[in-house]
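Going by the working numbering, 3 is the number at position 3 of the sequence shown; the sequence numbering is gapless.
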Amino acid sequence: MPQALHSDDLIARRPDVVGADTADEALLMDIESSYFYQLNGPASRIWTLVEQPITFEALCDAIRKQFAVSPDQCRADVAEFVTDMQGRGLINVTRA
């Protein structure tokens, strides 16, 4: 079970998940499971930002700059998304 995220945890896409980013959505395919995913809005932006490892804090800062959301709500929403994607095996989280 994924643990709570810390500010300095590194978050990145799993390398064997392929995808395509468009202006407002991301389409993903997990090669291992053959599942497809469609992300839009903030979820698509998060997916773009985690192409390279990024800290949880930097990820939240980037999302807050683009979307009108309070810091606490942003951290909660980003943590929920990252935890879900980690549970699906699409994102790796490395404890710093």
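Idealized CB from N, CA, C, for every residue including glycine. Being a predicted model, the structure only gives us computed values, none of them experimental.
C-beta atoms of residue i and residue j nearer than 8 Å
i, j, result
"valine 69", "arginine 13", "no"
"leucine 5", "valine 93", "yes"
"isoleucine 31", "isoleucine 91", "no"
"serine 7", "threonine 55", "yes"
Terminal residues of the beta strand (DSSP E) in which residue i lies
i, result
"glutamine 38", "35-40"
"arginine 64", "First-last for arginine 64: 56-66, but that is the alpha helix (DSSP H), not the beta strand (DSSP E)."
"proline 30", "Sequence inspection shows aspartate at residue 30; the proline mentioned does not correspond to that position. Looking at the DSSP string, the run of the beta strand (DSSP E) that includes aspartate 30 is 25-30."
Element boundaries [alpha helix (DSSP H), containing residue i]
i, result
"aspartate 84", "71-87"
Residue i (DSSP reduced to helix, strand or coil)
i, result
"arginine 13", "strand"
"alanine 96", "coil"
"alanine 20", "strand"
"leucine 49", "helix"
"alanine 43", "helix"
Residues bridged to residue i [DSSP beta-bridge criterion]
i, result
"isoleucine 91", "Arg13"
### Query
Pairing CB atoms from the stretch 56-73 with CB atoms from the stretch 19-30, are three or more of them under 8 Å?
No, the stretch 56-73 does not touch the stretch 19-30.
### Query
Three or more beta-carbon pairs under 8 Å between the stretch 36-56 and the stretch 73-88, yes or no?
Proximity of the stretch 36-56 to the stretch 73-88 meets the contact definition, three or more beta-carbon pairs being nearer than 8 Å.
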